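Take a look at the structure below.
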Amino acid sequence: MSATKIRLDAIAYGGDYNPEQWPEEVWAEDVRLMREAGVNLVTVGIFSWALLEPAEGRYELAWLDRVLDLLHGGGVAVDLATPTAAPPPWFTRRHPSSRPVTREGHVLGIGARATFCPSSPDYAAACARITEQLARRYAGHPALVLWHVNNEYGGHLHACYCDVCAAAFRRWLRARHGDLAALNRAWGTAVWGQRYGDWDEIEPPRIAPTAVNPAQQLDYARFSSDAFLACFRRERDILRRLSPGVPITTNFMATSKPIDYWRWAREVDVVANDHYLTAELPDNHIDLAMAADLSRSLAGGRPWVLMEHSTSAVNWQPRNIAKRPGEMRRNSLAHVARGADAVLFFQWRAAAAGAEKFHSTMLPRGGTDSRQWRDVTRLGAELAALRDVRGSRVVADAAVVWDYESWWALELEWRPSGDLRYLERVAAHYERLWRAHLTVDFVHPEADLAGYRLVVVPSLYLTTPAAAANLTAHVRGGGTLLVSCFSGIADANDAFPPGRHPGALREVLGLEIEEPLPLRQGETVRLEGGCRGDVWAEDVLPRGAEAVLRYLDGPAAGGPAVTRHRLGRGAAWYVSTRLAGDDLGRVLDRACADAGLASRADLPAGLEVVRRDGAGASYLFLINHGDEDAEVPASGVDALTGAPCEGRACVPAGTVRILVSSLPPWGEGWGGGPI
Ligand code: GLA
Numbered sequence: 016m017s018a019t020k021i022r023l024d025a026i027a028y029g030g031d032y033n034p035e036q037w038p039e040e041v042w043a044e045d046v047r048l049m050r051e052a053g054v055n056l057v058t059v060g061i062f063s064w065a066l067l068e069p070a071e072g073r074y075e076l077a078w079l080d081r082v083l084d085l086l087h088g089g090g091v092a093v094d095l096a097t098p099t100a101a102p103p104p105w106f107t108r109r110h111p112s113s114r115p116v117t118r119e120g121h122v123l124g125i126g127a128r129a130t131f132c133p134s135s136p137d138y139a140a141a142c143a144r145i146t147e148q149l150a151r152r153y154a155g156h157p158a159l160v161l162w163h164v165n166n167e168y169g170g171h172l173h174a175c176y177c178d179v180c181a182a183a184f185r186r187w188l189r190a191r192h193g194d195l196a197a198l199n200r201a202w203g204t205a206v207w208g209q210r211y212g213d214w215d216e217i218e219p220p221r222i223a224p225t226a227v228n229p230a231q232q233l234d235y236a237r238f239s240s241d242a243f244l245a246c247f248r249r250e251r252d253i254l255r256r257l258s259p260g261v262p263i264t265t266n267f268m269a270t271s272k273p274i275d276y277w278r279w280a281r282e283v284d285v286v287a288n289d290h291y292l293t294a295e296l297p298d299n300h301i302d303l304a305m306a307a308d309l310s311r312s313l314a315g316g317r318p319w320v321l322m323e324h325s326t327s328a329v330n331w332q333p334r335n336i337a338k339r340p341g342e343m344r345r346n347s348l349a350h351v352a353r354g355a356d357a358v359l360f361f362q363w364r365a366a367a368a369g370a371e372k373f374h375s376t377m378l379p380r381g382g383t384d385s386r387q388w389r390d391v392t393r394l395g396a397e398l399a400a401l402r403d404v405r406g407s408r409v410v411a412d413a414a415v416v417w418d419y420e421s422w423w424a425l426e427l428e429w430r431p432s433g434d435l436r437y438l439e440r441v442a443a444h445y446e447r448l449w450r451a452h453l454t455v456d457f458v459h460p461e462a463d464l465a466g467y468r469l470v471v472v473p474s475l476y477l478t479t480p481a482a483a484a485n486l487t488a489h490v491r492g493g494g495t496l497l498v499s500c501f502s503g504i505a506d507a508n509d510a511f512p513p514g515r516h517p518g519a520l521r522e523v524l525g526l527e528i529e530e531p532l533p534l535r536q537g538e539t540v541r542l543e544g545g546c547r548g549d550v551w552a553e554d555v556l557p558r559g560a561e562a563v564l565r566y567l568d569g570p571a572a573g574g575p576a577v578t579r580h581r582l583g584r585g586a587a588w589y590v591s592t593r594l595a596g597d598d599l600g601r602v603l604d605r606a607c608a609d610a611g612l613a614s615r616a617d618l619p620a621g622l623e624v625v626r627r628d629g630a631g632a633s634y635l636f637l638i639n640h641g642d643e644d645a646e647v648p649a650s651g652v653d654a655l656t657g658a659p660c661e662g663r664a665c666v667p668a669g670t671v672r673i674l675v676s677s678l679p680p681w682g683e684g685w686g687g688g689p690i
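Written out as structure tokens, the structure is:
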């Protein structure tokens, strides 16, 4: 039996707790301070396999009993981890074939974590044994409210290229392609004489003298995501059997490349995500918003768990910049605004040794007489006051297509330009929608698009016939579509469909592409309307689409750069160059107007505005990332102070306000009210 609700009566607040790094005397103080900070959930045991099973088959769980009992006594619930992200040294020594191997053939050493090959049967068996031990012992423990399997699958080790994986890959290929003739067709092995006559001839895409078959690489990316998923499923199924009724999760890194989280999201009871700011990026709160929106979208709109973020600096970036006063609070509440019902950190107490001792924590080295601690306790109190927000749903205005497979395929070698990158394109479009104060859901290209007036499709290189039909139906039915360059190029095997680009998207976009015309490094092209593109241009041949903006110079001078195609009751826009910033914003504004999304241009820049609607109440999150106070037309009761707010809400620089009202504060949907 699977459960989808975490048994807690408030927003979850806490973080990773690694008591094994400390003498037992410290634990009581930990629990006392957790209470003081409002912590109600901690994740325990993530990397403690070597301590729980110090030798094969010898289990020492008494210390974990004491930790869980102590936490329960202090009113802190537990997210109990299976420790399988860190196999003990004895295991690797005894089972050397479980060591991962890189694409270059290097066998990886130990002394770190994630030192396992996902296809290793020895690893699978050892994981099953320790998972069973934990499940049998703690299934009925009153502190247990959530199971946490492994940690960030695919995070450190994206794929393994060992011989065990080679054999597993062949089995996976048989299941996908059926027979060798089909595989040879799908992979286009007639090119360069790669025809396979025996399954055993097939290898992982290891380093070779030159570019390895792209279809083989794409299938290996799929296989690797599935291989980690099989690891997750094995542990999950043991937990479900032995600990029924307790939800099971694993922590995603939603905006990272190696894992196809659309496939994974169906397999977890609750979606959990880890997010760390790229500290040096200006406006990195927009990146945070994107990760949060993607997490919620993976969860199908349901509330999700922010499993990890940081109170201040991390330790693994080139320059680990501390958060400014107020930033941690804005970050945390922005995740809640975008659907998180749990705010957790890595980690509770500052480590004194090991790889992560420079990482910020909830309880800093300086102890409780510190700004960080005061911020942590204040946030705990505020989240407690926001308990009614739980379960409410974020109201989105538009959808952006997100596709891990397109990301994998687009970035293989030997494309027209290596300067066109998938995540950059998604983030560029997302950023403009954020700045337009639009809230975005991410969708799989074949997902139901009903309810979205505007669907944005950044560089969907890999477009299946089903995806193309889906996007076309959206437009025919009255929706607006905006597609950016290098979309509709290849099918699921990275092969071109018949005819010109953009393949299956020709009909909806009303155009063909004579030739992609990538630009030199640093070269830009001028467009009508004062816009400039870079990286990419195309010879666009309209087949029903009208030119909205033309190229004024560059290799496609005089030709259409941005087009619009009326189809059925809707319209499809196409942008054939790389636009960014205000230039992209101007085109998106016009597509928004086409879609009937009224402009919110009057809202202050830097103000994040997100609405969550619950049973009978609507929560308007106003997060001011700017240096100046912001004022917006809105009414309600301040959810944190209880103060009424009539007509206009002031949000001082750097702060957050949450207004609760019994009715949506600006009416349903776009353009229905004051903002
Ligand atoms: C990841 C891991 C954590 C910790 C943090 C540090 O998210 O899951 O165990 O190492 O990074 O930022």
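Terminal number for the sequence shown in the working numbering: 690, no gaps in between.
Positions of the beta carbon are idealized from the N, C-alpha and C atoms, including for glycine.
Small disclaimer: the values here were computed from a predicted structure and weren't measured.
- Taking a C-beta distance under 8 Å as the contact criterion, Leu496 and Leu486 qualify as a contact pair.
- C-alpha of Phe267 to C-alpha of Leu161: approximately 15 Å in a straight line.
- The Cβ atoms of Ala349 and Ile336 do not sit closer than 8 Å to each other.
- For Asn266, the distance from the CB to the nearest heavy atom of ligand 1 is below 7 Å.
- Rounded to the nearest whole angstrom, the CA to CA distance from His324 to Thr392 is 16 Å.
- Relative to the non-hydrogen atoms of ligand 1, the Cβ of Ser325 comes within a distance shorter than 7 Å of at least one.
- Taking C-beta atoms as the reference points, Cys665 and Asp644 count as a pair closer than 8 Å.
- Of the candidates Arg210, Trp319, Val523, Ser502, the residue whose Cα lies closest to the Cα of His516 is Ser502.
- With 16 or more neighbouring CB atoms inside 10 Å of its own CB, Ser134 falls in the buried class.
- The Cβ atoms of Ala139 and Arg237 do not sit closer than 8 Å to each other.
- Placement of the Cβ of Asp289 at a distance of less than 7 Å from at least one heavy atom of ligand 1 is found.
- Taking a cut-off of 8 Å for Cβ pairs, the region 32–42 and the region 361–370 touch, as three or more such pairs fall below it.
- Gly203 and Ser591 have their C-alpha atoms some 28 Å from each other.
- Rounded to the nearest angstrom, the Cβ distance from Val675 to Val652 is 5 Å, consistent with a contact under 8 Å.
- Residue pairing for Arg547: DSSP places it in a beta bridge opposite Arg541.
- Pairwise C-beta distances place the region 51–65 in contact with the region 21–29, as three or more of them are shorter than 8 Å.
- Excluding residues up to 5 positions away in sequence, Ala413, Arg468, Leu469, Gly494, Thr495 lie with their Cβ nearer than 8 Å to the Cβ of Ala610 in the same chain.
- In the structure shown, Tyr74 falls within a coil segment according to DSSP collapsed to helix, strand and coil.
- No Cβ-Cβ contact shorter than 8 Å links Trp423 with Val441.
- For His192, the enclosing alpha helix (DSSP H) has its first and last residue at 178–192.
- Annotation for Val286: no beta strand (DSSP E) segment contains it, and DSSP assigns it neither H nor E.
- With fewer than 16 other beta carbons inside 10 angstroms of its own, Pro111 counts as exposed.
- Closest option to Ala183, judged by alpha-carbon separation, among Val164, His171, Asp194, Asp215: Asp215.
- In this structure, Asn346 sits away from Leu296, with a CB-CB distance that is not shorter than 8 Å.
- Taking one beta carbon from each stretch, the region 598–613 and the region 443–455 have 3 or more pairs nearer than 8 Å; the two touch.
- Within the region 123–184, the beta strand (DSSP E) runs of at least 3 residues that lie entirely inside it are, in chain order, 159–163.
- Within the region 184–264, the runs of alpha helix (DSSP H) that reach at least 4 residues and sit entirely inside it are, in chain order, 195–202, 229–257.
- In this chain, the alpha helix (DSSP H) harbouring Ala482 covers 480–491.
- Comparing C-alpha distances from Asp298 to each of Lys272, Val455, Lys338 shows the shortest one belongs to Lys338.
- Remark: C-beta atoms of Pro431 and Pro531 approach each other more closely than 8 Å.
- Ala576 carries a strand assignment under DSSP once its states are collapsed to helix, strand and coil.
- The three-state reading of DSSP puts Cys607 in helix, counting H, G and I together.
- Take Glu420, set aside five residues on each side of it, and the residues of its chain with a beta-carbon closer than 6 Å to its own are Leu477, in chain order.
- Cβ-Cβ distances below 6 Å link Ala352 to Val625, Phe636 in the same chain, with the five nearest sequence neighbours on each side left out; the list follows chain order.
- With three or more CB-CB distances shorter than 8 Å, the region 274–289 counts as touching the region 307–322.
- For Gly585, the uninterrupted beta strand (DSSP E) run begins and ends at 585–590, by DSSP.
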